[in-house]
Amino acid sequence: MGQKEQGNQRTRITRVDLYHVRIPLDRPFYPSWIPGYPATDNRFDLIRITTQGGIEGYSAAPAIASERQGLGNLIAPYLLGHDATDIDLMLQRLREVSYLGVRANWIEPAFWDIKGKLANKPVYELLGGRREPVELYASTGEIKDADSRIFEARARFAEGFKTIKIRVHAFDVQTDIDHVRAVVDAVGDKMTIGVDANQAWRVTIINDAPLWDLDRAKYFADACAEMKIAWLEEPLPMDDYDALCAITRYSRIPVTGGEIHTNGKAELKMMVEKKCYDIFQPDAIMTGGIAHALEVAAHCKRFGLKFTPHTWTNGIGFAVNLQVLLASGFNGIKPLEYPINPPSWTVQKRDGILKKPFLHENGILTPSFAPGLGFDIDNDKLKRYGTHFFSMNKRKLMFYTIRDKGLLTALRLNSNKKKYGVDAKVKRIINQ
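Residue numbers for the sequence shown follow the working numbering, so the first one is 582 and each next one is one higher.
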């Protein structure tokens, strides 16, 4: 057996595991983007991909409940037996899953994790990036009264952050402006301030939420410009492309967005060409994976726009998007988002199943040389907080197929897969 073939055998996927993780918060967290919703834990679904060589790759996506209980039976047959380091093939597999209404590109970073570990390099280095300090901004997550906002901003400044982002979500625009002004008056001479209106994806599952139009966005943007706010995030619905272009042209401060476009790189690249935002901030967990996020970053460069990833998910999501930033060539253009909202959403709760949390020093994070995505799972904490709800290897897949399709059909499917070389066929399609 040749060296290349041995390598391919080592990187073939032999097992897929899924966990539902719930890390309890010390106090309820009320995310501004879901008004009235009390998050009592940091909840997400974790995937572990294991190769024949014993290399494990991880990724995770936020969860509301147990909505992914059936995911394993859908994706595992698409992945088992294939080369985990063939990113194009893995993306094609995940795209095929999406045809059935399940968007699973949040899994893609796990393959990069494997690829980096195999090369003993961080993913950002594999992708042409280099290790360099990353300035962070303190990204708050709740709507608070003016006094609480001031206390929060001063606390983050004392911890070393030079930039903070606050949320506005009042029905009355003047209330939003007054709250921003209170923070500016308190710390504006010491800190850079960004504002997030959370209008891109309006959620009213619990409480009603304000719905901005272009006139309100312009009025608020003018007020922010007068207060020297650094950027205005998500001032309008994410698919109102013409209005987004209009507010971006009009605003005297940068307009940012693009974090959760589930149509992925195609939609985002179209929005780049239309210049819907000054700064695009796709989240690799939400919008298509690491490879797609970097395609959007490259498109931003071509059209003279800026790029920085969104990171508000969990510690693994933060790790993934840190790799994206370092590989994108945009580090230093704008601080990287650092989700922190104590006493509920703390670093320890955000990064709760990682052996080493992503700690900052005076608002600066120095990336590690750790291979892959740059983190290790604490298996004791995973057992404590996680429910292992799915596991499949090739043997289990065969029994599953026999139960689902019958013995003769299962044998025929296995024979056809070997006969027609599915991996090679998919590669030919991709390369056409």
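Ideal Cβ positions, reconstructed from N, Cα and C, are used throughout, including at glycine.
Alpha carbon to alpha carbon, how far is E814 from V776? Give it in angstroms, no decimals.
Here the question's residue 776 lines up with position 195 in the sequence shown. Here the question's residue 814 lines up with position 233 in the sequence shown. Going by the C-alpha atoms only, they are around 6 Å apart.
Could you tell me the alpha carbon to alpha carbon distance between I958 and L627, rounded to whole angstroms?
As a position in the sequence shown, residue 958 is number 377, starting the count at 1. As a position in the sequence shown, residue 627 is number 46, starting the count at 1. Looking at the two C-alpha atoms, the distance is approximately 11 Å.
Taking 8 Å as the limit between beta carbons, can you name the residues of its chain near I695, skipping five residues before and five after?
By one-based count along the sequence shown, residue 695 stands at place 114. Here the set comprises T592, I630, T632, I636, E637, G638, A665, T666 and G953.
Those runs of the alpha helix (DSSP H) which lie wholly inside the stretch 631-693 and span at least 4 residues
Listed in chain order, they are 652-660 and 668-679.
Indicate whether A874 and P890 have their beta-carbon atoms separated by less than 9 Å.
Working through the sequence shown from its first residue, we reach residue 874 at position 293. Working through the sequence shown from its first residue, we reach residue 890 at position 309. Taking 9 Å as the cut-off, the Cβ atoms of A874 and P890 count as close.
Backbone secondary structure at H969 - three-state DSSP:
Counted from its first residue, the sequence shown places residue 969 at position 388. Three-state result, H969: strand.
Element boundaries [alpha helix (DSSP H), containing Y600]:
Indexing the sequence shown from 1 puts residue 600 at position 19. It is not in any alpha helix (DSSP H) - Y600 instead sits in the beta strand (DSSP E) that spans I594 to F610.
Under 9 Å between C-beta atoms of A908 and Y705
As a first step, residue 908 must be located in the sequence shown, where it is residue number 327. As a first step, residue 705 must be located in the sequence shown, where it is residue number 124. Yes. Within cutoff.
Taking all protein chains shown into account, do 16 or more other C-beta atoms lie within 10 angstroms of the C-beta of E713, making it buried, or fewer, making it exposed?
In the sequence shown, the residue the question calls residue 713 occupies position 132. The residue is exposed, with fewer than 16 neighbouring Cβ atoms inside 10 Å.
P916 versus M772 - alpha carbon distance
As a first step, residue 916 is located in the sequence shown; it is residue number 335 there, counting from the start. As a first step, residue 772 is located in the sequence shown; it is residue number 191 there, counting from the start. P916 and M772: Cα-Cα distance of roughly 13 Å.
For P616 and Q650, what's the separation of their Cα atoms in angstroms?
Along the sequence shown, read from residue 1 onward, the residue named residue 616 stands at position 35. Along the sequence shown, read from residue 1 onward, the residue named residue 650 stands at position 69. Rounded to whole angstroms, P616 to Q650 spans 26 Å at the Cα level.
Segment contact flag, the stretch 687-702 with the stretch 927-942, C-beta cutoff 8 Å, min 3 pairs
no
Count the other C-beta atoms from every protein chain shown that fall within 10 angstroms of the C-beta of Y831, then say buried if there are 16 or more, exposed otherwise.
The residue given as residue 831 occupies position 250 in the sequence shown. Y831 comes out exposed.
If we call anything under 9 Å between Cβ atoms a contact, is R608 one with P920?
In the sequence shown, the residue the question calls residue 608 occupies position 27. In the sequence shown, the residue the question calls residue 920 occupies position 339. Not closer than 9 Å, so no.
Would you check if the distance between the CB atom of G653 and the CB atom of V597 is smaller than 9 Å?
On the sequence shown, residue 653 is found 72 positions in, with the first residue counted as 1. On the sequence shown, residue 597 is found 16 positions in, with the first residue counted as 1. Yes, the pair counts as a contact, with Cβ atoms nearer than the cut-off.
Through-space distance from R603 to D961, alpha-carbon basis:
Your numbering for residue 961 matches position 380 in the sequence shown. Your numbering for residue 603 matches position 22 in the sequence shown. In a straight line, the C-alpha of D961 is about 14 Å away from that of R603.
Endpoints, alpha helix (DSSP H) assigned at A874
Working through the sequence shown from its first residue, we reach residue 874 at position 293. Here the alpha helix (DSSP H) through A874 covers I871 to R883.
Whole angstroms is fine: what's the gap from P863's alpha carbon to G944's?
Counted from its first residue, the sequence shown places residue 863 at position 282. Counted from its first residue, the sequence shown places residue 944 at position 363. So the two alpha carbons sit approximately 22 Å from each other.
Output the distance between the C-alpha atoms of E876 and G987, rounded to the nearest integer angstrom.
Taking the sequence shown and counting its residues from 1, the one referred to as residue 876 is at position 295. Taking the sequence shown and counting its residues from 1, the one referred to as residue 987 is at position 406. The straight-line gap from Cα to Cα measures roughly 43 Å.
Rounded to whole angstroms, what is the Cα-Cα separation between V761 and I668?
In the sequence shown, counting from the first residue as 1, residue 761 sits at position 180. In the sequence shown, counting from the first residue as 1, residue 668 sits at position 87. Whole-angstrom Cα-Cα distance: 44 Å.
Can you pull the DSSP bridge partners for D626?
Position 45 of the sequence shown, counted from the first residue, corresponds to residue 626. According to DSSP, which records beta bridges pairwise, D626 is partnered with H601 and A642.
Return the first residue and the last residue of the beta strand (DSSP E) that D777 is part of.
Along the sequence shown, one-based indexing puts residue 777 at 196. D777 -> beta strand (DSSP E) spans T773 to D777.
What are the residues that DSSP puts in a beta bridge with F738?
Locating residue 738 in the sequence shown gives position 157, where the first residue counts as 1. Answer is none; F738 lacks a bridge partner.
Classification of P619 by the beta-carbon crowding that lies within 10 angstroms, buried from 16 upward:
By one-based count along the sequence shown, residue 619 stands at place 38. Classification of P619: exposed, given that the 10 Å Cβ count is below 16.
What would DSSP say about G953, mapped onto helix, strand or coil?
The sequence position of residue 953 within the sequence shown is 372, counting from 1. If DSSP states are grouped into helix, strand and coil, G953 belongs with the strands.
Spatial distance of E723 from R984 (CA atoms):
Walking along the sequence shown from the start, residue 723 turns up at place 142. Walking along the sequence shown from the start, residue 984 turns up at place 403. Between E723 and R984, the C-alpha separation is close to 48 Å.
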